[in-house]
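Structure record follows, encoded as structure tokens.
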Amino acid sequence: MTSALRRSQTTYGDTALAVSESATGFDSQQRALSDSAQSLGQHDFVDGLQPKRRLFEVPDVNLSTAEAVARPATHVKTIPQRTTSVLLAEWHGQVTEVLAATFIAQLKGRHGEAVAGSEDIAVIPIEEVRESDRDLLQTGAFFRLCIAYEISQQGNRRRYTEVVFRRLPAFRREELEQAQAVAREIASELRLE
Amino acid sequence: MNFDWNSLGSAPADDEFEVSFIGPGFGECLVIHVGNQRWVVVDSCVDTTDSDRRPVAERYLRALGVHLESNVDLIVASHWHADHVRGIGRLVAQCRAARFSCANALVQREFITFVWEMATASASTDGAKVNEFREAIHHIRERDAVITWATANKLIRRWPATQSTPEAVIHALSPSDKEYTLFLQEVAAARPTATSAKRSASATTPNLASVVLHVSLGTSSVLLGADMEVHHDRLRGWSAAIDSGCQLALPPAGVLKVPHHGSVTGHHDEMWTHLLTPGPMSVATPFNRQPDNRKLPTTADIVRLSGLSSALFLTSVARNAPARGREAAVERSLRERGIVIRDAATPIGMVRLRKHEGSDWRREVFAPALLQSQKEASA
Chain A
1 MTSALRRSQT TYGDTALAVS ESATGFDSQQ RALSDSAQSL GQHDFVDGLQ
51 PKRRLFEVPD VNLSTAEAVA RPATHVKTIP QRTTSVLLAE WHGQVTEVLA
101 ATFIAQLKGR HGEAVAGSED IAVIPIEEVR ESDRDLLQTG AFFRLCIAYE
151 ISQQGNRRRY TEVVFRRLPA FRREELEQAQ AVAREIASEL RLE
Chain B
1001 MNFDWNSLGS APADDEFEVS FIGPGFGECL VIHVGNQRWV VVDSCVDTTD
1051 SDRRPVAERY LRALGVHLES NVDLIVASHW HADHVRGIGR LVAQCRAARF
1101 SCANALVQRE FITFVWEMAT ASASTDGAKV NEFREAIHHI RERDAVITWA
1151 TANKLIRRWP ATQSTPEAVI HALSPSDKEY TLFLQEVAAA RPTATSAKRS
1201 ASATTPNLAS VVLHVSLGTS SVLLGADMEV HHDRLRGWSA AIDSGCQLAL
1251 PPAGVLKVPH HGSVTGHHDE MWTHLLTPGP MSVATPFNRQ PDNRKLPTTA
1301 DIVRLSGLSS ALFLTSVARN APARGREAAV ERSLRERGIV IRDAATPIGM
1351 VRLRKHEGSD WRREVFAPAL LQSQKEASA
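For the record, the sequence lines run as chains A and B.
Take the first sequence: its position 185, counting from 1, is numbered 185 in my numbering, and each next residue is one higher.
All you need for my numbering is the position in the second sequence, starting with 1, plus 1000.
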């Protein structure tokens, strides 16, 4: 099962597009989404069919046996809904080593039962990192790992896991020049023997 | 279980040599009594179970009733790695009579500039390592203290003999001249440039530039291997440090702080034959902040070290973190996504060796530290 298929339910703003899997695969879903969105006047939400933010996924659902399989490939329905998120656990991490298929990180627990305040070591599959974040995956990079529930208006609960890398601002020339001046002064004043 | 700092007894006698190895599984700190209530601290780590995260040396010495402000004579940072410098800024601040010593490259303008440049990003990157170093330098400047830079073949400190105590001497066997040059080249290459994204200050290869120390009190000596590793170039790593020890004609040491957490990358046959007595007592400080299959020392490391030592101690144990009561849903998510999270914190343990001149080492092990192996005394 590809990760694309596993992520078959994606929320755009407050409108959910529930997409079923079909025998024709993911491409047909994309066409179906496109057709449906255009007919619904949802161009803003599905521009390029790239979700602006993946809010949840359904890793537990076996799509090959789900009820959705029986539906036609073009079956798309819109469900206006408001959702709330309940954060179960959150860590802040720093990458210490990048391996072939995984990366190693030091974590500091920020939220959650038996998580907050903890210091952990983690091995995380690289496939958990969004494609758009892959360029950030390097030693020393910072990220946030969180596990949460998304609860729909109808009370349906979905669990999701996210690894989000931080894009840090750039060093500023003035800051660096100031630091260099201070360092020069310190180095000249140290009493060495 | 928290370490019981109140169970450590009293300070050594004036003429007693003490070397205490404290390690929580991430980080190490060596506390040495060189006679007459003069103390030396090599490296620093913190008690993570303490809300103030105090350095373990501070906790230990206060527990013994030692006056940090006047009785700590020297603080050494063997190298610039998080597991060796945590809490060193606070320690320097408190030990107001202490000199500070570190590798010669770390007090050069190039490295200080690098530290201050990287510190401009520390708010975004937590900046632990550069902040520790900055804090130490800040306090040293504030009281106009002397920094003794360490390099191969260098006498770091000598305490003359008194009526009750023999002479105590500390020599540095590293880093070599070549390592000094290469380290500063790496620092120059790692310096940030305007418009490059902020990042944490990650050390390049500081292990080879770490400070190996030989400490002696009277006829007893210990070799502190820091995180020194081997290198095929005779002018670098352990080869250069061994040559330094031979040039100084230092007496073989009967106690070893095993280099680089027992890793095979820190093993050099000549260290055992040239710088140590046959079958020394060895103490390794485990490095647990790695996935289970990469913790140090490995089983093979322990077998190797046990074969070379009369006794091998570990200051902590590599342990599989028990289930810690995370929510079942969190555990399920981690399992489904193939994410493995282990508790990085391991409890503090301590191995303490004390001896009077002319007597044998008295060994004390404070759990979870353990005597890993011991050879039967030969007839």
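The beta-carbon is built from N, C-alpha and C at its ideal position, and this holds for glycine as well.
Any C-beta of chain B under 8 Å from that of residue i
| i | result |
| --- | --- |
| S118(A) | yes |
| I121(A) | yes |
| E162(A) | no |
| Q106(A) | yes |
| V182(A) | yes |
| V129(A) | no |
| I124(A) | yes |
| V98(A) | no |
| G112(A) | yes |
| G155(A) | no |
| I151(A) | no |
is_contact[residue i, chain A] using C-beta, thresh 8 Å
| i | result |
| --- | --- |
| D1047(B) | no |
| G1160(B) | The identity of residue 1160(B) in the sequence shown is Pro, whereas the question assumes Gly. For P1160(B), the answer is no, since every Cβ of chain A falls outside 8 Å of its Cβ. |
| P1291(B) | yes |
| A1077(B) | no |
| N1002(B) | no |
| W1149(B) | yes |
| I1339(B) | yes |
| T1195(B) | yes |
| P1192(B) | yes |
| T1346(B) | no |
| S1200(B) | yes |
Reduced DSSP category for residue i - H, G, I as helix; E, B as strand; rest coil
| i | result |
| --- | --- |
| I1395(B) | This structure leaves residue 1395(B) out entirely; chain B is present only between 1001 and 1379. |
| D1014(B) | coil |
| H1214(B) | strand |
| G1035(B) | coil |
| H1356(B) | strand |
| V1317(B) | coil |
| Q1374(B) | strand |
| A37(A) | Bear in mind that the predicted position of A37(A) carries a pLDDT of just 40, short of 50, making it too unreliable to give a figure here. |
| R1096(B) | coil |
| F142(A) | strand |
| I1339(B) | coil |
| A122(A) | strand |
| Q106(A) | strand |
| T1151(B) | coil |
| S8(A) | Residue placement at S8(A) is poorly supported in this model, since its pLDDT is 35, which falls under 50; the coordinates are not used for a value here. |
| H111(A) | strand |
C-beta contact flag for residue i and residue j at 8 Å
| i | j | result |
| --- | --- | --- |
| V1230(B) | G1262(B) | no |
| H1139(B) | V1092(B) | yes |
| R1054(B) | I121(A) | no |
| F1003(B) | D1047(B) | yes |
| A1311(B) | Q1374(B) | yes |
| A1249(B) | F1313(B) | no |
| G1225(B) | P1259(B) | yes |
| A1103(B) | A1197(B) | no |
| H1268(B) | I1242(B) | yes |
| R1157(B) | E1167(B) | no |
| D1073(B) | G1027(B) | no |
| T1315(B) | G1349(B) | yes |
| S1244(B) | L1305(B) | no |
| V1085(B) | L1061(B) | no |
| C1095(B) | I1075(B) | yes |
| I1221(B) | V1215(B) | It is worth fixing the name first, because residue 1221(B) is Ser in this sequence and not Ile. The answer is yes: Cβ separation under 8 Å. |
Residue i versus residue j - alpha carbon distance
| i | j | result |
| --- | --- | --- |
| A1344(B) | Q1290(B) | 8 Å |
| Y160(A) | L1353(B) | 52 Å |
| L1275(B) | Q1108(B) | 30 Å |
| N1131(B) | G1237(B) | 27 Å |
| V1330(B) | S85(A) | 15 Å |
| A1240(B) | C1029(B) | 24 Å |
| G1325(B) | R1335(B) | 15 Å |
| V1391(B) | L190(A) | Residue 1391(B) lies beyond the range of chain B shown here (1001 to 1379); nothing can be said about it. |
| T65(A) | R158(A) | Summary for T65(A): the model assigns pLDDT 46, below 50, so the residue's position carries little reliability, and this model does not support an answer. |
| D135(A) | V1040(B) | 45 Å |
| R166(A) | V95(A) | 12 Å |
| N156(A) | E90(A) | 22 Å |
| A1013(B) | H92(A) | 47 Å |
| D1015(B) | I1112(B) | 39 Å |
| E113(A) | E162(A) | 18 Å |
Residue i CB to nearest heavy atom of the ligand MN below 7 Å
| i | result |
| --- | --- |
| P1206(B) | The ligand MN is not part of this structure, which contains no ligands at all. |
Contacts of residue i in chain D (Cβ-Cβ under 7 Å)
| i | result |
| --- | --- |
| D1343(B) | Of the chains in the structure shown, none is chain D; the protein chains are A and B. |
Query raised in the report: Which runs of the alpha helix (DSSP H) fall wholly inside the region 1047 to 1076 of chain B and span at least 4 residues, in chain order?
Result: Listed in chain order, the alpha helix (DSSP H) runs fully inside the region 1047 to 1076 of chain B are 1056 to 1064 and 1068 to 1071, counting runs of at least 4 residues.
Report task. Return the chain-ordered ranges of every beta strand (DSSP E) run that is complete within the region 1158 to 1244 of chain B and spans a minimum of 3 residues. Result -> 1168 to 1172, 1213 to 1217 and 1220 to 1224
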